[in-house]
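Number of protein chains: 2
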Amino acid sequence: MDGKIVNLKSKLEIYKAMTAGANFADCPVRDVMRGINGKWSPLLVMALAEKPYRFGELRRLVPDISQRMLTQTLLELQRDGYVHREVFPTKPPSVEYSLTDLGRSMFHPLYQLVQWAELNHEAVRDARAAFDAA
Amino acid sequence: MDGKIVNLKSKLEIYKAMTAGANFADCPVRDVMRGINGKWSPLLVMALAEKPYRFGELRRLVPDISQRMLTQTLLELQRDGYVHREVFPTKPPSVEYSLTDLGRSMFHPLYQLVQWAELNHEAVRDARAAFDAA
DNA sequence: TGCATAGGTCTCAAAAAGAGACCAGCACTA
DNA sequence: TAGTGCTGGTCTCTTTTTGAGACCTATGCA
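Which chain is which? The protein sequence lines are A and B, in order.
Numbering of the first sequence is given in my numbering, commencing with residue 33 and proceeding in unit increments.
Numbering of the second sequence is given in my numbering, commencing with residue 33 and proceeding in unit increments.
Here it is as structure tokens:
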């Protein structure tokens with residue numbers, strides 16, 4: 033329990049892990065969360081959970097992502113082991129992105145969070161309106 | 033189904049919602065996810081799930097957050113309705129932050145994701161090592 | 001008087017993200 | 001045969017976000 037969020041068996045454990053001090057910023061859980069937490073990562077994982085997509089398809093699917101961020105986010109997802117990248121020798125070569133087993137396993141809890149967001153987005157909107165009015 | 037990720041009953045629904053085009057960037061689910069997804073938000077929600085904390089306590093609890101980002105993130109969490117802020121008329125005044133019902137309800141799926149991260153951080157680390165070696 | 005504590009704000013530098021031009025290689029068309 | 005488009009990117013520049021740290025007000029205490 034060296035300054036990292038680990039062994040989260042209970043809320044008390046969270047507290048212990050978080051207060052342990054030292055090299056807190058190197059917490060592996062925060063490290064993993066950072067990879068999942070990006071602006072575009074959850075969106076791309078959700079898309080790829082449906083079926084594999086090619087680069088251009090993803091770009092059209094998410095019209096407001098820049099090509100630069102799409103490249104970069106896919107590379108990060110690939111590096112973290114969530115996404116598999118496969119090049120097909122067509123002319124011109126096409127590249128397909130798909131979820132790995134690890135990616136699919138991560139999709140489940142992520143999906144829970146997205147579902148929560150879907151169910152509660154009105155409550156959040158109302159909270160914002162009330163806050164802004166005050 | 034106007035260009036937003038809504039009614040996510042199935043993966044097919046995700047696909048439909050994502051491909052619906054138009055004002056895709058205004059998707060309410062993405063909007064809510066953005067608030068949850070920040071660099072510090074999950075960490076603070078996890079901390080406050082344990083018990084209410086005061087400003088200075090949170091700052092000491094998360095030593096690598098800047099005071100500026102702590103203020104800002106707490107304000108956002110408050111605006112979105114996850115966190116309640118209460119000022120006590122001590123001298124000098126102290127401020128306590130606690131999770132609202134909405135915040136506690138959001139904590140559950142978030143916690144699932146954090147648990148996943150805890151269980152799989154080695155797999156992610158291995159994936160990164162393999163990727164960087166290649 | 002002088003320093004500490006509480007919960008911030010303000011300013012400036014660094015890092016990240018967004019916009020959009022550019023590129024290579026091939027196929028198809030005019 | 002020159003032009004056009006498609007593929008999946010990279011490069012550069014601008015804007016936004018974040019981080020580091022000084023500063024602030026009011027009070028209590030030595």
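Backbone N, C-alpha and C define an ideal beta-carbon position, used for all residues, glycine too.
Computed from a predicted structure; not experimentally measured.
Bridge partner(s) assigned by DSSP for residue i
i, result
"residue 116 of chain A", "A/130"
"residue 86 of chain A", "A/128"
Sequence-distant residues of its chain with Cβ nearer than 6 Å to residue i (five each side left out)
i, result
"residue 118 of chain A", "128"
"residue 156 of chain B", "none"
"residue 87 of chain B", "127"
Cut-off 7 Å between Cβ atoms - residues of its own chain near residue i, not counting five sequence neighbours on either side
i, result
"residue 72 of chain A", "97, 101 and 105"
"residue 148 of chain B", "none"
"residue 75 of chain B", "94"
Partner residues on chain B for residue i, Cβ-Cβ distance less than 8 Å
i, result
"residue 62 of chain A", "75"
"residue 153 of chain A", "60, 61, 63 and 64"
Proximal residues of chain B, C-beta to C-beta of residue i below 7 Å
i, result
"residue 160 of chain A", "111 and 112"
Amino acids of chain A, ordered along the chain, whose beta-carbon sits closer than 8 Å to that of residue i
i, result
"residue 67 of chain B", "156"
"residue 101 of chain B", "Near residue 101 of chain B there are no residues of chain A at all, since even the closest Cβ is about 13 Å away, more than 8 Å."
Closer than 7 Å at the beta carbon, the chain A residues around residue i
i, result
"residue 144 of chain B", "141 and 144"
"residue 166 of chain B", "Those within 7 Å of residue 166 of chain B in chain A number zero; the least Cβ separation is about 10 Å."
8 Å Cβ shell around residue i - same chain, five flanking residues per side excluded
i, result
"residue 125 of chain A", "119"
Within chain A, partners of residue i - CB distance below 9 Å
i, result
"residue 131 of chain B", "Those within 9 Å of residue 131 of chain B in chain A number zero; the least Cβ separation is about 11 Å."
"residue 134 of chain B", "152, 155, 156 and 159"
Within the chosen definition, does the stretch 96–114 of chain A reach the stretch 151–166 of chain B through at least 3 CB pairs nearer than 8 Å? yes
For the 8 Å Cβ check, are there 3 or more pairs between the stretch 121–136 of chain A and the stretch 80–95 of chain A? yes
Which of the residues in the stretch 77–93 of chain B, read from start to end, lie with their CB under 7 Å from any CB of chain A? 78, 79, 81, 82 and 93
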